[in-house]
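> Attaching a single structure in structure tokens format; questions to follow.
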Amino acid sequence: MKERLQELEQEALNQVEQAKTLADLDKVRVAFLGKKGPITEVLRGMGKLSAEERPVIGELANKVRSAITTELEQKKAKLELAVLDQQLKAETIDVTLPGRPVPVGGPHLLTSVVREIEDLFIGMGFEVREGPEVETDYYNFEALNLPKDHPARDTQDSFYITEELLLRTQTSPVQARTMNEYKGNQSIKMICPGKVYRRDTDDATHSHQFTQVEGLYVDKNVRMSDLKGVLNQFVKHFFGEEREIRFRPSFFPFTEPSVEIDISCKLCHGKGCSVCKQTGWIEILGGGMVHPEVLRMGGYDPEVYSGFAFGMGPERIAMLKYGVDDIRHFYTNDIRFLKQYHQA
Ligand code: DAH
Numbered sequence: 001m002k003e004r005l006q007e008l009e010q011e012a013l014n015q016v017e018q019a020k021t022l023a024d025l026d027k028v029r030v031a032f033l034g035k036k037g038p039i040t041e042v043l044r045g046m047g048k049l050s051a052e053e054r055p056v057i058g059e060l061a062n063k064v065r066s067a068i069t070t071e072l073e074q075k076k077a078k079l080e081l082a083v084l085d086q087q088l089k090a091e092t093i094d095v096t097l098p099g100r101p102v103p104v105g106g107p108h109l110l111t112s113v114v115r116e117i118e119d120l121f122i123g124m125g126f127e128v129r130e131g132p133e134v135e136t137d138y139y140n141f142e143a144l145n146l147p148k149d150h151p152a153r154d155t156q157d158s159f160y161i162t163e164e165l166l167l168r169t170q171t172s173p174v175q176a177r178t179m180n181e182y183k184g185n186q187s188i189k190m191i192c193p194g195k196v197y198r199r200d201t202d203d204a205t206h207s208h209q210f211t212q213v214e215g216l217y218v219d220k221n222v223r224m225s226d227l228k229g230v231l232n233q234f235v236k237h238f239f240g241e242e243r244e245i246r247f248r249p250s251f252f253p254f255t256e257p258s259v260e261i262d263i264s265c266k267l268c269h270g271k272g273c274s275v276c277k278q279t280g281w282i283e284i285l286g287g288g289m290v291h292p293e294v295l296r297m298g299g300y301d302p303e304v305y306s307g308f309a310f311g312m313g314p315e316r317i318a319m320l321k322y323g324v325d326d327i328r329h330f331y332t333n334d335i336r337f338l339k340q341y342h343q344a
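Put into structure tokens, the structure is as follows:
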């Protein structure tokens, strides 16, 4: 019995030593110390031993069991440590690796320019409004003093959808829409940025689709000098303090009198160069005093109210400010062009 126990101890310790995983080790524990294991069996058979043998074998059996248990525990701790070690190795992050650059986008130049224009006019008390791009013939033309057979309609070749619906050729219809909404008895101070469409052949300065910003101020006693003051502020903030503006007589069916507004040329300071076609001035927008007929159709009494209006093209303004030489750059989306204007 003694030898059997010593053999069992040796055998168990050998197997513990050889166990490579925690599962192997558990098998060894069950095999030797489990309820059906050989040591339990020896202890169970103690009844058959003589009174002298019993305490000797009992003590030995307990010693063997505790020796195996200790060995099992030590090996278990070792294997657990090895598992942890391996896990740590597998999950190691090399914090010294340089990061991968994440490309960051930015607003399109045109978006930035429109936002800048909006900010400047909001600062002068204007609200920003919107109107539909698919517009009725009435708002796009008639309500702006351009009846059906008016020759000035030809200057804005249009994309008609039906007889009465078209892609708006200008943002001016939002003037008429706003007047209708304000019901002829409230003052209006609004700008409206948006897309417009014309049947033009695309080239460096023409596009079938471009952007406009409309402006409208209607109140009692609005005068041409108010228009000049507002636009002067805009030009000085947008293009620079040193820029001057001048008004030139012009014609638009919805304003009377009508003007075209020029800014002094940045390059030659008014002396004349190729950018300003030797005139010293560059045209940037159209405007004038709202035509009495337009006020009347909008529900405003021209005897009581007066107003000014203007319209500008952000593409043209961006081209002048940033030296862009072709309007097509705005929508061909060449990333090399767009990137130059990303602000951090
Ligand atoms: N709608 C005009 C155009 O597209 C621009 C314009 C001129 C707008 C004079 C106005 C204005 O409001 O008063 O050519």
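To convert, note that position 171 of the sequence shown is 171 in the working numbering; the numbers rise steadily by one, no gaps. Think of the CB as a built atom: it goes at the ideal place given N, C-alpha and C, for glycine as much as any other residue.
#1: Using the DSSP secondary-structure output, state which residues sit across from Asp219 in a beta bridge.
#2: Quick check on Asp119: does DSSP put it in helix, strand or coil?
#3: Following a CB-centred definition, is Gln212 positioned closer than 8 angstroms to any heavy atom of the ligand DAH?
#4: Span of the alpha helix (DSSP H) holding Thr40?
#5: What does a CB cutoff of less than 7 angstroms around Glu256 pick up in its chain, not counting 5 residues either side in sequence?
#6: Could you tell me if Lys75 is buried or exposed, where buried requires 16 or more neighbouring beta carbons within 10 angstroms of its beta carbon?
#7: Are the CB atoms of Gln170 and Gly311 nearer to each other than 9 angstroms?
#8: Of all the options Arg65, Phe251, Thr279, which has the alpha carbon lying nearest to the alpha carbon of Ser264?
#9: Hey, Val16 and Glu80: beta-carbon distance below 9 angstroms or not?
#10: For the beta strand (DSSP E) containing Asp262, list its first residue and its last residue.
#11: Give the secondary structure of Val235 by DSSP, where H, G and I count as helix, E and B as strand, and everything else as coil.
#12: Assign Asn140 to buried or exposed, taking buried as 16 or more other Cβ atoms, counted over all protein chains shown, within 10 Å of its Cβ.
#13: Quick one: Cα of Glu260 to Cα of Phe234, how far?
#14: With 16 as the cutoff for other CB atoms within 10 Å, does Thr92 come out buried or exposed?
Judging by the given coordinates:
#1: Ser306
#2: helix
#3: yes
#4: Per DSSP, Thr40 belongs to the alpha helix (DSSP H) from 38-44.
#5: Gly288, Met289, His291
#6: buried
#7: yes
#8: Thr279
#9: no
#10: 255-264
#11: helix
#12: buried
#13: Answer to the nearest angstrom: the Cα atoms are 15 angstroms apart.
#14: exposed
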